[in-house]
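Asker:
This is the structure we're talking about:
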């Protein structure tokens, strides 16, 4: 065990901070502090490209593909400084954290050359086509069909909850390519360009009024045969490999955003006197403890060099952060009291804390609900018998 | 002590429930949300049911009923997620005006031609009042900031908190119903998701919270009606029990609906946001906990075996 950062790490920290602060004070001043994922999409795309040009877009990637081969400590530092500088979240999160690593792990050399440099440069924005109306928690029951026809995949069906599909260039899609197959068998993982007549995107309005995710319809949508990752019928293996990346370094940056939210809540509690209430004080202390717990847990998890190995500790991460943040949203509302329920002006536009309350309701649902997470921990982690299921 | 309701009370409650379920479904909420929140026809229907005059004394053209009946009807308003200012005017303002001896405008209220949005120091804004409009988390509430702060009257506060608690019960019941029905029809892994204990047990816990909150609210209504000295404590207890049950149910219901529960397209959020708004109205959680704290520890609430159920 070796805790703390080296002198070289601290030098790297200064370099990150200098660059990020300069950008947020200069050309990208207008996007500083934005927390909403759908705000200023065009400027956010320009920001992705700026990160790419300066080689800050995906520092953990190999240098060959536009990264910096950064160590874990450096990635932690970058994530911290990124949040500290008030830089808005990445609109190409899916490309950098999920699509890229999946292509690196499972793609052909040709596919790496075709996709990775553009993702790294912030020129190709990706979204994720996994869930369907009938395949949420039960992801393996996808029905969107793919068939090969004259050297092209032809795809028909519907995906849902495709975050930022409306500003994305590409989508990766899990399709059922073996007629009559069920569950995880017979699935194939395809990469498809979104700008084509066969793909239609419709926004879904959320309870907070925003529309981050979409329904994505495929009607004879097409992509070349070699847009498949892995092999025919290997879609589930690729999808599961990809989901393992979801528990990766991105979580560190997320924690810094959580830190900002907790700090804002503490400031609000001090300002309106809620901090004098012993019940609130206790919950704030508990939130602080929970945040640190997540931090150490994530660093421990990431110190494990074999990231693809899903061990017991990694399985517990999602439910921990999602539940923590959901509680933070509830605490925020109790801190604000009645003032949290109104907004001045006519827009359905919420301040950070009330929005946190609404937004955090989704945290324990997307990317595997808390119920699914508990089943995973119990069944895969603890080796308990699988819950009885009906006929699929 | 007898918690049973009379046949008249039950008949009245059922008739209001039937009327609202027949005329004020989720499609009405969506229409209102798109078309400016208020519809005179809905108000007229409530007037014709006699609800605006429920607590107005008979000599002023009302039905002259009491707070228990009003709380039962307020729960039905919550169940239907009614946004018209019926509860604020007819079940909060009317008994307060009667209590003040201010009976001049009661007839107009009973006839439905006058609404009385009342502010309170704890409630700087009220629904359907005049003043600086505010955006509420609840899309169907027309909140406005009052220019002058309202009175610090405790009876008014208790009426407002009681009626909020009653609405919260109905809201919680309705959300539990929506989530339960969804869990029966949504299938994953080859069976309804409601078959999984992970969801079933959460919904069962909501039912426990709601059922135990109900008699607390009815108790508070009776206490306030009778003017007993401990009424304020009963009201605070009711507000906490009903608010906690409603928030727990709202949160569980969203989780049970999965991602659909996070969308505007599913009706649930109207009920969830009303619950959130009413939990903060007429004294938030911290306020009512403090009132109980002070009553118990400060000695104004007699404790000991002979007082536990008083």
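Chains as they are written, first to last, in this note's numbering: chain A, 1 to 392; chain B, 1 to 310.
Here a beta-carbon is modelled for each residue, glycine too, at the ideal position from N, C-alpha and C.
These numbers were taken from a predicted model, which means no experiment stands behind them.
#1: So, with DSSP's three-state summary, where would you put residue 93 (chain A)?
#2: I'd like to confirm the pairing. Which residues does DSSP put opposite residue 127 (chain B) in its beta bridges?
#3: So what does residue 120 (chain B) bridge to, in DSSP terms?
#4: So which residues on chain A does residue 254 (chain B) lean against when the C-beta distance must stay under 7 Å?
#5: Starting from the C-beta of residue 308 (chain A), find all residues in its chain whose C-beta is less than 8 Å away, skip the five residues before and the five after it, and write them out in chain order.
#6: What does residue 263 (chain B) pair with, by DSSP beta-bridge criteria?
#7: Can you check which of these residues, A:314, A:10, A:38, A:381, is closest to residue 88 (chain A) by C-alpha distance?
#8: Pick out whichever of A:198, A:236, A:204 has its Cα sitting closest to the Cα of residue 220 (chain A).
#9: Which residues mark the beginning and the end of the beta strand (DSSP E) in which residue 190 (chain A) is found?
#10: Please look up how many angstroms separate the CB atoms of residue 315 (chain B) and residue 267 (chain B), rounded, as I've assumed it's under 8 Å.
#11: In chain B, what lies closer than 8 Å to residue 342 (chain A) by C-beta?
#12: What residue range does the beta strand (DSSP E) around residue 377 (chain A) cover?
#13: Cβ closer than 8 Å: which chain A residues qualify as neighbours of residue 286 (chain B)?
#14: Quick check on DSSP: helix, strand or coil for residue 127 (chain A)?
#15: Can you name the start and end residues of the alpha helix (DSSP H) that residue 246 (chain B) belongs to?
#16: DSSP three-state call for residue 196 (chain B): helix, strand or coil?
#17: Against chain B, with Cβ distances strictly below 8 Å, would residue 62 (chain A) count as a contact?
#18: In chain A, which residues lie less than 7 Å from residue 264 (chain B) when you measure between Cβ atoms?
#19: Would a check of beta-carbon distances place residue 371 (chain A) closer than 8 Å to chain B?
#20: Residue 308 (chain A) CB to nearest chain B CB: under 8 Å?
#21: Would you report the Cα separation of residue 310 (chain A) and residue 378 (chain A), rounded to the nearest angstrom?
#22: Does residue 138 (chain A) have its Cβ less than 8 Å from a Cβ in chain B?
#23: For residue 354 (chain A), which of helix, strand or coil comes out of DSSP?
#24: Using a beta-carbon distance below 8 Å, is residue 281 (chain B) in contact with chain A?
#25: Checking contacts by CB at 8 Å: is residue 161 (chain A) closer than that to chain B?
#26: So is residue 146 (chain B) in contact with chain A if we call contact Cβ pairs under 8 Å?
#27: Starting from residue 364 (chain A), find everything on chain B with Cβ-Cβ shorter than 7 Å and list it in chain order.
#28: In the region 26 to 67 of chain A, which residue ranges form an unbroken alpha helix (DSSP H) of at least 4 residues, counting only runs that do not cross its ends?
#29: Can you pull the DSSP bridge partners for residue 136 (chain B)?
#30: Classify residue 212 (chain A) as helix, strand or coil using the three-state DSSP reduction.
#31: Excluding five sequence neighbours on each side, which residues of the same chain lie with their C-beta closer than 6 Å to the C-beta of residue 161 (chain B)?
#32: When you compare only the Cα positions, how much space is there between residue 50 (chain A) and residue 59 (chain A)?
#33: List the residues that DSSP assigns as beta-bridge partners of residue 150 (chain A).
#34: List the residues of chain A that residue 228 (chain B) touches, going by C-beta distances under 8 Å, in chain order.
#35: At a CB-CB cut-off below 7 Å, which residues of chain B make contact with residue 354 (chain A)?
Answerer: With the structure as the only source:
#1: Here residue 93 (chain A) sits in helix by DSSP.
#2: As a beta-bridge residue in DSSP terms, residue 127 (chain B) pairs with B:143.
#3: For residue 120 (chain B), which the question treats as bridged, DSSP gives the partners B:123.
#4: Under the 7 Å cutoff, chain A gives 361.
#5: Low per-residue confidence applies at residue 308 (chain A): pLDDT is 48, beneath 50, and the placement is therefore not dependable enough to give any value.
#6: Answer is A:206, bridged to residue 263 (chain B).
#7: Between residue 88 (chain A) and the set A:314, A:10, A:38, A:381, the nearest pair of CA atoms involves A:38.
#8: The shortest Cα separation from residue 220 (chain A) among A:198, A:236, A:204 belongs to A:198.
#9: For residue 190 (chain A), the enclosing beta strand (DSSP E) has its first and last residue at 187 to 193.
#10: Absent from the model: residue 315 (chain B). The displayed extent of chain B is 1 to 310, so no value can be given.
#11: By Cβ distance, chain B contributes 125, 134, 135, 136, 137, 143.
#12: First-last for residue 377 (chain A): undefined, no H or E at that position.
#13: Against chain A, a Cβ distance below 8 Å from residue 286 (chain B) picks out 274, 277, 279, 280, 334, 337.
#14: In this structure, residue 127 (chain A) counts as strand in the three-state DSSP scheme.
#15: In this chain, the alpha helix (DSSP H) harbouring residue 246 (chain B) covers 231 to 257.
#16: Assignment of residue 196 (chain B) by DSSP, reduced to helix, strand and coil, places it in the coil class.
#17: Not a single C-beta of chain B is nearer than 8 Å to the C-beta of residue 62 (chain A).
#18: Within chain A, 205, 206, 207 have C-beta atoms less than 7 Å from the C-beta of residue 264 (chain B), given in sequence order.
#19: At least one CB of chain B lies nearer than 8 Å to the CB of residue 371 (chain A).
#20: Its pLDDT being 48, under 50, residue 308 (chain A) is placed unreliably in this model, and the coordinates cannot settle the point.
#21: A caution first: residue 310 (chain A) carries a pLDDT of 49, below 50, which makes its placement in the model unreliable, though a value can still be read off. C-alpha separation (whole angstroms): 14 Å.
#22: So, interface residue.
#23: In the structure shown, residue 354 (chain A) falls within a helical segment according to DSSP collapsed to helix, strand and coil.
#24: Residue contact with chain A for residue 281 (chain B): present (Cβ-Cβ distance below 8 Å to some residue of chain A).
#25: True, the Cβ-Cβ gap to chain B drops below 8 Å.
#26: No, its Cβ sits nowhere closer than 8 Å to a Cβ of chain A.
#27: Listed by position along chain B, the residues whose Cβ is nearer than 7 Å to that of residue 364 (chain A) are 255.
#28: Scanning the region 26 to 67 of chain A from its first residue to its last, the whole alpha helix (DSSP H) runs of 4-plus residues come out as 41 to 53.
#29: Beta-bridge pairing links residue 136 (chain B) to A:342.
#30: Looking at residue 212 (chain A) - three-state DSSP - the assignment turns out to be coil, as it is neither helix nor strand.
#31: Counting only residues of its own chain and dropping the five nearest sequence neighbours on each side, residue 161 (chain B) has a CB closer than 6 Å to the CB of 235, 239, 282, 283.
#32: Answer to the nearest angstrom: the Cα atoms are 14 Å apart.
#33: For residue 150 (chain A), which the question treats as bridged, DSSP gives no partner whatsoever.
#34: The contacting residues do not exist; residue 228 (chain B) stays about 28 Å from chain A at best.
#35: 137, listed in chain order.
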